[in-house]
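>
Number of protein chains: 2
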Amino acid sequence: MADLAKLAGVSKITVSRALGDSPLVTSETRERIQALARKHGYKLNLSARNLRLRRSHTVAVIVEMKPSSGRTMWDPYPLSLLGGISQELTSAGYSVLLTTRHDAGNAAVRAADGLILLGQGVHQDAVKLYDRLGLPMVVWGAESAHDSHVVVGSDNRQGGASVAERFLSIGRRHPVFIGNSDHPEMAQRLHGFVDELAGHGIKPLLLRRVDWTLESGVEAVRSLTRRKVRFDAIFACSDLLAMGAIRALVELGFTVPNDVSVVGYDDTPHGAGFLPPLSTVRQNWQEGGMLLARKVLALIDGQPVASQMLPTNLVVRAT
Amino acid sequence: MADLAKLAGVSKITVSRALGDSPLVTSETRERIQALARKHGYKLNLSARNLRLRRSHTVAVIVEMKPSSGRTMWDPYPLSLLGGISQELTSAGYSVLLTTRHDAGNAAVRAADGLILLGQGVHQDAVKLYDRLGLPMVVWGAESAHDSHVVVGSDNRQGGASVAERFLSIGRRHPVFIGNSDHPEMAQRLHGFVDELAGHGIKPLLLRRVDWTLESGVEAVRSLTRRKVRFDAIFACSDLLAMGAIRALVELGFTVPNDVSVVGYDDTPHGAGFLPPLSTVRQNWQEGGMLLARKVLALIDGQPVASQMLPTNLVVRAT
DNA sequence: CGGGCGAATGTTACCGATATCAAGACATCG
DNA sequence: CGATGTCTTGATATCGGTAACATTCGCCCG
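So, in structure tokens, the structure goes:
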């Protein structure tokens, strides 16, 4: 910047102002200096600016990823969520710092202007951990009554309710829920499901499964038949679970959807390609990401921000 | 740091040295100062350090994402790749800056110490664009003879060849390839496939499909039967294509794998849950990510670095 | 006993930007 | 015509670290 100043025959500060589109400089000098900057490939030094401005223009996104192997990040938090976040933040001039949960104390994270937490649903303690940093923070997941974070998520309650509605409307009377009610988001799906059914005097069977894997779905259905339970509809908390369930059903001689209706959750492309094509509840992740980003930015800006749930919609395919 | 210095009764620089584990300070003072820092919750200011050190300790990861909607990032570049990158970089003290292709000129990207490009396979021009920044750069994808970037990818050639081998070993003689040979990675899968078959005097039918969607797979198979082509094996370049193909085959009255063998690519969890479970070629993304990270770090370090292809392996399931 | 050497710590300058306050040029006004 | 105000630009200090060079001190050795 000093060099540019010399070239333009002005002082450093004038260059700074010109490049920052400050109204304090004549439009003439501004343009002259900007042209000069372009010509010489001048690059602003972000560290210097951040140092002086005492902010980092960075939002840290903390993703829950089991480190090596295990559950990959395939299922619950697809990249489109990250895509939405990234798109929105960078277009606001912010950088996106990606970290996993395990470098919590990371200096770079602490230096961020704001935090977005993804996939912390299971670990409320993790949320508290980051809370201590005292940074503007937005969490993806389910809203819970007794804590005060800003939460963005899809309306899991409504998602569950819409499945119940569908089951009722096609005459199903013995529904089963497969999922993990300890997980806040899943618990809400369950609540929506149960409440809607309760309105019609029906109480679903709850089948608790911790894993979201295919095998888990298979096993769930097998256990149902082992216990000789009567059922005609399954609401699985993820597409993978649903696919596992269908697989087991077919193996056991049931037909889908004639004997048993099955609905999954997430609307993964692979679910759509399943045979038969899976009915499922869709969440709009891209938009969720954009919303998350906008909320942190608002918080950083000091504006009041409220939690928000995005609507979901039931995609009825062949199951 | 100045405050800490006052508290400890030493100078700033001694504090700096103590916290940086420099051998220039007595272990006694070092520990005293470190304890003091912990006690008072001292936080290093990264901007200041980066400014002084003239480096950002940051690697930018540039991801090809269609902005709004369209193909989400589900299919080709799963999060586990990012996970591997992030894990490796942060444990080396680096930050991961996530950006999409569309904020190319981004000041933060230019300030990074290194670049990792993901999903640029289709856009060789994008690679050149970033090349101009003159930063250490590593690209995920297929190695091509006529450019000089450091490339990490999975061995698509070998992947294709292994499918061919399998087809031959089970007596298939009329194989079809579905994919987009303009895409470098896919082209190599095709080459591996074709070369291996050629060794046995067989020439596969090439069915060019640009999209990696389910519908595209369906359509591909329909066009085959419309043209009354004889075929007994399909190698699809993605699991989704394969699932679409199978779906169409079943609709058209073929049985899989009796009439037609089908193999996909990527080993997605959903492919494994498909009915019937999909045979596919697996790539180890997590490891790919870690390798990418290690290579950029080595480049930043000034060490010589070579491209590297990771082995793939064929997972034979029911198709 | 003084010069020399090494270990521990300190002084000063600097990285590259921006905020604050000051100053010069020029127009307006009583 | 001098006072006042507006517009544009500049000098200086500062953000929080670290490198280079300087200093102090104790010890060894001839």
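As given, the protein sequences belong to chains X and F, one line each in that order.
Counting from 988, one number per residue, gives the positions in the first sequence under my numbering.
Counting from 988, one number per residue, gives the positions in the second sequence under my numbering.
The beta carbon of each residue, even a glycine, is placed where N, CA and C say it ideally should be.
1. Using a Cβ-Cβ distance cut-off of 8 Å, determine whether residue 1267 of chain F contacts chain X.
2. Tell me whether residue 1011 of chain F counts as near the ligand MG, meaning its Cβ is closer than 7 Å to at least one heavy atom of that ligand.
3. Within the same chain, show all residues whose beta-carbon is closer than 6 Å to that of residue 1251 of chain X, passing over the 5 residues directly before and after it, in chain order.
4. Just confirm the distance between the C-beta atoms of residue 1081 of chain X and residue 1044 of chain X, as a whole number of angstroms; I'd bet it's less than 8 Å.
5. Do residue 1105 of chain F and residue 1172 of chain F have their C-beta atoms within less than 8 Å of each other?
6. If you measure from the beta carbon of residue 1262 of chain X to each beta carbon in chain F, is any gap under 8 Å?
7. Helix, strand or coil for residue 1127 of chain X, going by three-state DSSP, please let me know.
8. So residue 1201 of chain F contacts chain X; which residues on that side make the cut at Cβ distance below 8 Å?
9. I'd like to know whether the C-beta of residue 1086 of chain X is nearer than 8 Å to at least one C-beta of chain F.
10. Which word fits residue 1216 of chain X, buried or exposed, when buried means at least 16 other C-beta atoms lie within 10 angstroms of its C-beta?
11. For residue 1284 of chain X, which option in X:998, X:1020, X:1073 has the closest C-alpha, if you only look at C-alpha atoms?
12. My assumption, with CB atoms under 8 Å, is that residue 1101 of chain X sits in contact with residue 1122 of chain X. Please give the rounded CB distance.
13. For residue 1231 of chain F, which residues in chain X fall below 7 Å Cβ to Cβ?
14. For the segment 1162-1225 of chain X, list the beta strand (DSSP E) runs that are entirely contained and at least 3 residues long, ordered along the chain.
15. If contact is defined by three or more beta carbon pairs under 8 Å, each pair taking one atom from either stretch, is the segment 1189-1198 of chain F in contact with the segment 1158-1174 of chain F?
16. Taking its Cβ as the centre, do 16 or more other Cβ atoms sit within 10 Å of residue 1256 of chain F, making it buried, or is it exposed?
17. Kindly indicate which three-state DSSP category residue 1102 of chain X falls into: helix, strand or coil?
18. Would you give the residue range spanned by the beta strand (DSSP E) that residue 1020 of chain F belongs to?
19. May I ask you to report which of helix, strand or coil DSSP gives residue 1000 of chain X?
20. Under 8 Å between the Cβ atoms of residue 1163 of chain X and residue 1211 of chain X?
21. For residue 1030 of chain X, go through chain F and note every residue whose CB falls closer than 9 Å to its CB, in chain order.
22. Would you say residue 1160 of chain F faces chain X, with C-beta separation under 8 Å as the test?
23. Measure from the C-beta of residue 1283 of chain X to each C-beta in chain F and report whether the shortest distance is under 8 Å.
24. Is the segment 1154-1161 of chain X close to the segment 995-1003 of chain F, with three or more CB pairs under 8 Å?
25. Based on the DSSP secondary-structure assignment, which residues constitute the bridge partners of residue 1297 of chain F?
26. Just to confirm, are residue 1006 of chain F and residue 1021 of chain F a CB contact at a threshold of 8 Å?
27. From residue 1009 of chain F to residue 1046 of chain F, what distance separates their C-alpha atoms?
28. Should residue 1254 of chain X go down as buried or exposed, given a rule of 16 or more other Cβ atoms within 10 Å for buried?
29. Ignore the nearest five residues each way along the sequence and tell me which others in residue 1017 of chain X's own chain have a CB closer than 6 Å to its CB.
30. For residue 1252 of chain X, which beta-bridge partners are listed by DSSP?
31. Alpha carbon to alpha carbon, how far is residue 1128 of chain F from residue 1129 of chain X?
32. Between residue 1300 of chain X and chain F, is the shortest Cβ-Cβ distance under 8 Å, so that the two count as touching?
33. Residue 1084 of chain F: buried (16+ other C-beta within 10 angstroms of its C-beta) or exposed?
34. Quick check: the Cα distance between residue 1001 of chain X and residue 1025 of chain X, rounded to an integer number of angstroms?
35. Could you check what DSSP says for residue 1035 of chain X in three-state terms: helix, strand or coil?
36. From this set, F:1145, F:1115, F:1041, F:1221, which residue's C-alpha is nearest residue 1175 of chain F's C-alpha?
Let me spell this out:
1. no
2. By its list of ligands, the structure shown contains no ligand whatsoever, and the ligand MG lies outside what it can speak to.
3. 1223, 1226, 1229, 1258, 1265, 1267
4. About 5 Å; that satisfies the 8 Å criterion.
5. no
6. yes
7. strand
8. 1256, 1259, 1260
9. yes
10. So residue 1216 of chain X counts as exposed.
11. X:1073
12. That pair is a contact at about 6 Å.
13. 1260
14. 1162-1166, 1192-1195, 1220-1223
15. yes
16. buried
17. strand
18. Counting along the chain, residue 1020 of chain F sits inside no beta strand (DSSP E); it lies in the alpha helix (DSSP H) bounded by residues 1014-1026.
19. helix
20. It is a contact, given that the beta carbons lie within the stated cut-off.
21. 1094, 1097, 1098
22. no
23. no
24. no
25. DSSP, once it has assigned bridges, lists F:1141 as partnering residue 1297 of chain F.
26. yes
27. So the alpha carbons of these two residues sit roughly 25 Å apart.
28. Answer is buried; the Cβ neighbour count reaches 16.
29. 1005
30. Its beta-bridge partners are X:1268.
31. In a straight line, the C-alpha of residue 1128 of chain F is about 37 Å away from that of residue 1129 of chain X.
32. no
33. buried
34. The alpha-carbon atoms of residue 1001 of chain X and residue 1025 of chain X are separated by roughly 16 Å.
35. helix
36. Nearest of F:1145, F:1115, F:1041, F:1221 to residue 1175 of chain F, Cα basis: F:1145.
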